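First residue of the sequence shown: 1, per UniProt numbering; consecutive thereafter. The C-beta atom is built at its ideal place from N, Cα and C for all residues, glycine as well. All values reported here derive from a predicted model rather than from experimental measurement.
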Amino acid sequence: MDFLALSVLTEAVGAGSLAAAARRLHITPMAATRSLSGLERELGVRLLHRTTRSLSLTDEGQVFLAHAQALLEERDAALASVRPAEAGATGRLRLTASTAFGRKVVAPALVAFMRAHPEVRVDLVLTDSVVDLVGEGLDLGIRIAALSDSSLVARRLGASPRGLFATPGYLAAAGMPVRAADLAAHECLALAGAGHWAIGAAGQPVSVRVTGRFTANTIEGLHQACLGGLGIAMLSRWDVADEVERGLLAEVRLAEGEPEPLAIWAVYPTRRMVPAKVRLFIRFLAGRLEA
């Protein structure tokens, strides 16, 4: 099947006209029209309703569009899998990250990465749920957690140290805890279903039971409640660095030590034929985290 014709179809739908699709593909409008007409003849159906002012998919075109996009993406993946990394990244990179880390770290890294690799397109899915990479057709996941899915390939990108934080106003009213046991007298902001915090040296942490009037199913929710003065939250240092510097949050340091750190992982489905776009972005993000 003619990949140029498939590209004309998908670009025309995205851009709203054949002329705009031709500009994106660096071909003439006549060439775009002929290419699309050839595809319609090959399929034996009309794919687009075209007038001088508008363009819309026919019912058959709506069904075929998903197949055209999949064929183009498979072509990009096939070419990228044999393209040396030094040649640069191309194609669509689909990845997922947690909401807070994705917004503060991954999205800015992607902006810089796309500037360095102008042929890369990105679909970023931000969610605090664990996503099935294979089932959702994703190339890569950036996770900050203990990994349990052994079917995925994982590369450690760096540490994600955590601390206990609260507003100066909350601590002035409720007092500064000194030992882990003191947390029992405080409003602790914890993830829903997580009633204990691990505090202390790696490998020998103290498990501390925590309670409070507020729980959330996302770290972002806990972060906002903490900023609102509702209590003490366990948050990653990268997540609160700005608020600590501005004096909006203060760190609670306990005699037993800091909360157990987490690790930042890049996970992907297989070691075989990893596309250059995935390899290069993992390397790029790791470099930014190290800096």
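N- and C-terminal bounds of the beta strand (DSSP E) containing residue i
{"i": "Ala97", "result": "Gly91 to Ala97"}
{"i": "Ala190", "result": "Cys188 to Leu191"}
{"i": "Leu140", "result": "Leu140 to Ile144"}
{"i": "His196", "result": "His196 to Ile199"}
{"i": "Ala15", "result": "That residue, Ala15, is in no beta strand (DSSP E); its alpha helix (DSSP H) goes Phe3 to Ala15."}
{"i": "Glu251", "result": "Ala250 to Val252"}
{"i": "Ala266", "result": "Leu262 to Tyr268"}
{"i": "Leu47", "result": "Neither: Leu47 is in no beta strand (DSSP E) and is coded neither H nor E."}
{"i": "Leu55", "result": "Leu55 to Leu57"}
{"i": "Val208", "result": "Val206 to Arg209"}
Coarse secondary structure for residue i, derived from DSSP in three states
{"i": "Arg155", "result": "strand"}
{"i": "Asp123", "result": "strand"}
{"i": "Glu136", "result": "coil"}
{"i": "Phe281", "result": "helix"}
{"i": "Val63", "result": "helix"}
{"i": "Gly163", "result": "strand"}
{"i": "Ala20", "result": "helix"}
{"i": "Ala216", "result": "strand"}
{"i": "Ala100", "result": "helix"}
{"i": "Arg179", "result": "coil"}
{"i": "Gly169", "result": "helix"}
{"i": "Ala255", "result": "coil"}
{"i": "residue 311", "result": "Residue 311 is absent from the structure shown; the chain starts at 1 and stops at 291."}
Range covered by the alpha helix (DSSP H) that runs through residue i
{"i": "Arg34", "result": "Pro29 to Leu43"}
{"i": "Met114", "result": "Ala107 to Ala116"}
{"i": "Leu222", "result": "Ile219 to Leu227"}
{"i": "Leu240", "result": "The residue asked about is misnamed: residue 240 is Val in this sequence, not Leu. Counting along the chain, the alpha helix (DSSP H) containing Val240 begins and ends at Arg237 to Glu245."}
Proximal residues to residue i (C-beta, below 8 angstroms), its chain only, five neighbours per side dropped
{"i": "Ala22", "result": "Val8, Thr28, Pro29, Ala31 and Ala32"}
{"i": "Ala20", "result": "Glu11 and Ala12"}
{"i": "Phe284", "result": "Ala109, Ala112, Phe113 and Ala116"}
{"i": "Leu55", "result": "Ala12, Val13, Gly16, Ser17, Leu18, Leu48 and His49"}
{"i": "Arg75", "result": "Phe3"}
{"i": "Glu251", "result": "Gly163, Leu164, Phe165 and Val244"}
Contact under 8 angstroms by Cβ, residue i with residue j
{"i": "Tyr268", "j": "Leu124", "result": "no"}
{"i": "Leu48", "j": "Gly38", "result": "no"}
{"i": "Leu36", "j": "Ala5", "result": "yes"}
{"i": "Arg94", "j": "Gly137", "result": "yes"}
{"i": "Pro261", "j": "Pro161", "result": "yes"}
Cβ neighbours of residue i in the same chain (closer than 7 angstroms, five flanking residues each side left out)
{"i": "Leu189", "result": "Gly212, Phe214, Leu222, Ala225, Cys226, Leu230, Gly231, Ile232 and Ala233"}
{"i": "Val13", "result": "Leu57 and Leu65"}
{"i": "Leu289", "result": "Leu157, Gly158 and Ile264"}
{"i": "Arg170", "result": "For the record, residue 170 in the displayed sequence is Tyr; it is not Arg. Hits under 7 angstroms: Gly229 and Gly231."}
{"i": "Val45", "result": "Glu60"}
{"i": "Ala174", "result": "His186"}
Same chain only: Cβ atoms within 6 angstroms of residue i, ignoring 5 sequence neighbours per side
{"i": "Ala89", "result": "His117, Val120, Ala276, Lys277 and Leu280"}
Self-check item: contact_flag[the region 88–103, the region 128–139] where n(CB pairs < 8 angstroms) is 3 or more
Solution: yes
Self-check item: Three-pair Cβ contact test at 8 angstroms for the region 60–75 versus the region 175–189
Solution: no
Practice problem: Check whether the region 235–247 touches the region 108–115, taking contact to mean three or more Cβ pairs, one atom from each stretch, closer than 8 angstroms. | Solution: no
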